[in-house]
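Worksheet: the structure to be examined is printed underneath.
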Amino acid sequence: MSAESNKLLIDIGSTYFKVSTSNSIEQHFRDFNRTILDDLTQKCGDTVQRYDQSDVHICSSANGGLSTLIIGLTQSYSLKYATNIAYNSGINIIDSIVFQDIETYSVPSDLIDVVIVVGGIDSNSGLFDERLDNYLAKLNYSNFVFVGNEPDAQAIKSRIDNVTLLPNIIDNRLHIVETHLKDYLTNLYQQDIEGKEDIKHLYKITSNQIYSTPYVVNKSLPLINASFSVTDPFILLDIGGATTDVHYSKDLLTDNIVTEQGHDRIVFKKLGVYKSRQSLIFTAENNEFSYELLMHLKVTENIYNENSEKATKILMQLAIFLVLCKMSHYRPAYVTLKLLAMNSIVFTGGITKVLTTEDIEDVVAFFYRKILNSEHKPATVLDNNYDIWTLGAKEHAACQ
Numbered sequence: 001m002s003a004e005s006n007k008l009l010i011d012i013g014s015t016y017f018k019v020s021t022s023n024s025i026e027q028h029f030r031d032f033n034r035t036i037l038d039d040l041t042q043k044c045g046d047t048v049q050r051y052d053q054s055d056v057h058i059c060s061s062a063n064g065g066l067s068t069l070i071i072g073l074t075q076s077y078s079l080k081y082a083t084n085i086a087y088n089s090g091i092n093i094i095d096s097i098v099f100q101d102i103e104t105y106s107v108p109s110d111l112i113d114v115v116i117v118v119g120g121i122d123s124n125s126g127l128f129d130e131r132l133d134n135y136l137a138k139l140n141y142s143n144f145v146f147v148g149n150e151p152d153a154q155a156i157k158s159r160i161d162n163v164t165l166l167p168n169i170i171d172n173r174l175h176i177v178e179t180h181l182k183d184y185l186t187n188l189y190q191q192d193i194e195g196k197e198d199i200k201h202l203y204k205i206t207s208n209q210i211y212s213t214p215y216v217v218n219k220s221l222p223l224i225n226a227s228f229s230v231t232d233p234f235i236l237l238d239i240g241g242a243t244t245d246v247h248y249s250k251d252l253l254t255d256n257i258v259t260e261q262g263h264d265r266i267v268f269k270k271l272g273v274y275k276s277r278q279s280l281i282f283t284a285e286n287n288e289f290s291y292e293l294l295m296h297l298k299v300t301e302n303i304y305n306e307n308s309e310k311a312t313k314i315l316m317q318l319a320i321f322l323v324l325c326k327m328s329h330y331r332p333a334y335v336t337l338k339l340l341a342m343n344s345i346v347f348t349g350g351i352t353k354v355l356t357t358e359d360i361e362d363v364v365a366f367f368y369r370k371i372l373n374s375e376h377k378p379a380t381v382l383d384n385n386y387d388i389w390t391l392g393a394k395e396h397a398a399c400q
C-alpha cells in the first residue's frame, strides 16, 4: 500500500462529516445528541480502528470561523491590505474603521475574537494616539494584534496590555507583506478549532494537527484541473450548514494586490443553510432582488417558514445568489471579483447533494442577467463525491 493510500481523511462540518479512504468517501449527517467523536465512532468506528493515529488526518469547519474588527489609517492601503489577509486566513470581518473616524464610531457589543490595527510605513511615527486606547477600552475582545508602523509598535505595547506585535504588513514601497499576519491569524483559527470540546476529543484518534477545512480545500485548487474540467479563472463555492466558503483565482481580483498565492478564499460566516439559516434568510430579506428570484423559482416568501426538502433547495439557491452579489459591484462589502471574466464555477459541499446542475445554472443565469446585465454563462462543475476536499487533504497529509 502506498503512503498516500494508507491515510484516513476526515472532514468535520457543522452538519455533516465525511470520511475518505483509498477506496471510498462516506458522508454522514451528524447526530447532535452525541459528541462528534461518539458519532464518528458509532458510524465509522470499524474504519477508524484500522488506521494508526499518525495516518488519520482531520480538518474541520464546525467552529464557523473567528470574528474580527480592523482599525486602519486608510481605506486604500492599510484597511484593504489587512482585509485581504484576514479573509484569506478564514477570518470573518464584522467591521472596519478608519482611525480618523474612531471617536464617532459605534462600539460592537458582541465579543470580538481579534482586533487588528494597521497603518503607516516604518519611516513614520506618532500615527496612533490615545483615541485608539480609549476605543479599545470600550471593546470586548480576546486578542489584539498590531501590524502597523514599527515606531508606533513599542509605544502601543507600553500603553496597552496583551498586544501582539508583528512586522508591518506595508513595506516602504506600499506593497503588501502578508506572511506574518496570515500565519498569526491561521494559527489563531487553529487554536479556536482545537479549543472546541468536541474537536479536542478527536485527538484520541489522530496524532496530527487538526486544520481548518477552508485551508485544506485551498491546497487543492492548483491540483483541481487534473480531476475536473475546470478552466481558469474560476471560483469554488463550498456551501454548507454554517458557512459558505469561496475560493477564487487571483486573476478575478479587481484590486491589484500583490500577494504570494494564485488563489485566495473568503469565509461568509452567516450564509449557511442549517445552523445559519436565520441569518441567511435575514440577508435575503435585505436584498432587493431576492423577491424577484423567489418569483422566478415559483415560490413566495412563505418558503422561509417551511421545514422541507423544497425549502432547503430554495435556501441553497438563495445562498448562491447572495454570495455572488457580495462579490460583485452590486454589494461590494467584501472583495469584488471580475465575474464576467469567470470561466468556471465549481460547487462542493452539501449543496451537491441538494441541487442539480440545472438548479444551479438557473440561479447563476438569473444573477448574471439581473445584476450584471449579461448573458455570460460560466461552466458549472459539481463535485458530487467531495473529491476536491480529498485532493487538498492528501496533499497536506503528504507534507506532514
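The sequence shown: position 204 = 204 (this note's numbering), numbered continuously. Virtual Cβ for every residue (Gly too), placed ideally from N, Cα, C.
When you compare only the Cα positions, how much space is there between residue i and residue j?
i	j	result
GLU358	PHE234	19 Å
SER20	LYS353	17 Å
ASN124	LEU293	51 Å
LYS219	LEU185	17 Å
ARG50	SER14	25 Å
LEU322	SER158	44 Å
PHE128	ASP152	7 Å
LYS80	ILE94	14 Å
VAL118	ASP38	43 Å
SER67	ALA86	10 Å
ASP46	PRO167	48 Å
GLU306	GLN278	12 Å
PHE99	LYS313	43 Å
ASP198	LYS377	42 Å
ASP122	ASP171	8 Å
SER106	ILE97	10 Å
PHE367	LEU391	30 Å
ASN162	ILE91	20 Å
VAL48	LYS310	35 Å
ASP31	ILE12	12 Å
ASN302	SER290	13 Å
Using a threshold of 7 Å, state whether the C-beta atoms of residue i and residue j are closer than that.
i	j	result
ASP238	ASP232	no
SER61	THR206	no
VAL230	TRP389	no
ILE169	LEU188	no
LEU165	PHE144	no
LYS7	ASP55	yes
CYS59	TYR203	no
LYS43	HIS28	yes
LEU252	LYS370	no
ASN140	LEU111	yes
HIS201	THR35	yes
ASP387	SER249	no
ASP113	SER142	yes
ALA82	ILE70	yes
So for residue i, helix, strand or coil by DSSP?
i	result
GLU26	strand
LEU166	coil
GLY126	coil
TYR248	strand
THR68	strand
LEU355	coil
ASP110	coil
ILE91	strand
VAL258	Its pLDDT being 47, under 50, VAL258 is placed unreliably in this model, and the coordinates cannot settle the point.
TYR386	coil
ILE121	coil
LEU9	strand
THR15	coil
ASP133	helix
PHE228	coil
ASP31	coil
ASN286	coil
TYR211	strand
VAL147	coil
THR348	strand
Give me the Cβ distance between residue i and residue j, rounded to the nearest whole Å; I'm assuming they're in contact under 8 Å.
i	j	result
THR131	ILE102	Here residue 131 is Arg; the residue named in the question, Thr, does not match the sequence. Indeed they touch by this definition, with Cβ atoms about 5 Å apart.
ILE351	MET327	In fact, because the Cβ distance is near 17 Å, the residues do not count as touching under 8 Å.
LEU236	THR348	6 Å
LEU340	SER374	6 Å
GLY120	LEU73	6 Å
Relative to the C-alpha of residue i, which residue among the options is closest?
i	options	result
ALA137	ALA155, VAL115, PRO151 and TYR368	VAL115
MET342	ALA311, GLU309 and ALA379	ALA379
ILE287	SER308, LYS298, ALA319 and ASN302	According to the sequence shown, residue 287 is Asn rather than Ile. Selected option, being the one with the closest Cα: ALA319.
LEU297	LEU324, ALA365, LEU340 and TYR215	ALA365
SER26	GLU301, TYR16, THR104 and VAL346	Residue 26 is actually Glu in this sequence, not Ser. Among GLU301, TYR16, THR104 and VAL346, the Cα nearest to that of GLU26 belongs to TYR16.
ILE193	TYR215, LEU69 and GLU178	TYR215
THR179	SER89, GLY120, ASN225 and THR104	SER89
GLN53	LYS310, LEU9 and GLY72	LEU9
HIS329	LEU382, ILE70, ARG30 and LEU372	LEU372
GLU395	LEU221, PHE32 and THR41	LEU221
GLN190	LEU174, ARG173 and ASN208	ASN208
ASP383	SER78, ASN225 and ALA155	ASN225
SER78	ASP133, SER24 and ASN149	ASN149
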